[in-house]
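The opening residue of the sequence shown carries number 1270 in my numbering; numbering runs sequentially from there. Beta carbons are placed, not taken as given, at the ideal position from N, Cα and C, and that holds for glycine. Keep in mind that this is a model prediction, so the values were computed, not measured. Reading through the structure tokens given below for one structure.
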Amino acid sequence: MFRSYYVYILKCSDGTYYTGVTNDPERRLIEHQQGLHRNSYTFSRRPVKCMYVSELFTDPIQAIEWEKQVKNWSRKKKEALIAGKWELLPELAKKGSKTIPSKNDNLKD
């Protein structure tokens, strides 16, 4: 069975960003808005607004890897992604945003 996965960024009421992964962005936004999980980051930061949803991933591992990478980005880099300013991402990466090395980074030529 084909499943799709998405990485999303929410803007919380306190101005912070929350990054997550889901197979149903609409349902997940409703869950965040309703505060179904008391211990979640967004529970006390509602209402939240969906700012970004990635193109779909068919592999959940790839979606989780992208989520982890985006979670470690600076606020400015996340805002460039949200605004669709892809050309700014490489420069913002040089300014201290963390990236997670891929498993291929350890391969020798």
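ask   = Hey, would you say residue 1293 sits closer than 7 Å to residue 1314, going by beta carbons?
value = Remark: C-beta atoms of residue 1293 and residue 1314 do not approach each other more closely than 7 Å.
Helix, strand or coil at residue 1346 according to DSSP, with G and I counted as helix = It is helical.
query = Can you give the beta carbon distance from residue 1287 to residue 1322, rounded, assuming they're within the 8 Å contact cut?
reply = Contact between residue 1287 and residue 1322 is absent: CB atoms are separated by about 13 Å, not below the 8 Å threshold.
query = Taking DSSP as the reference, what is the three-state secondary structure of residue 1276?
reply = Residue 1276 falls in the strand class under three-state DSSP.
task = Using only alpha-carbon positions, find the residue among 1307, 1324, 1328 and 1312 that is nearest to residue 1281.
result = Answer by Cα proximity: 1312.
inquiry  = Once DSSP output is grouped into helix, strand and coil, what is the label at residue 1322?
reply    = Reduced to three states, the DSSP call for residue 1322 is strand.
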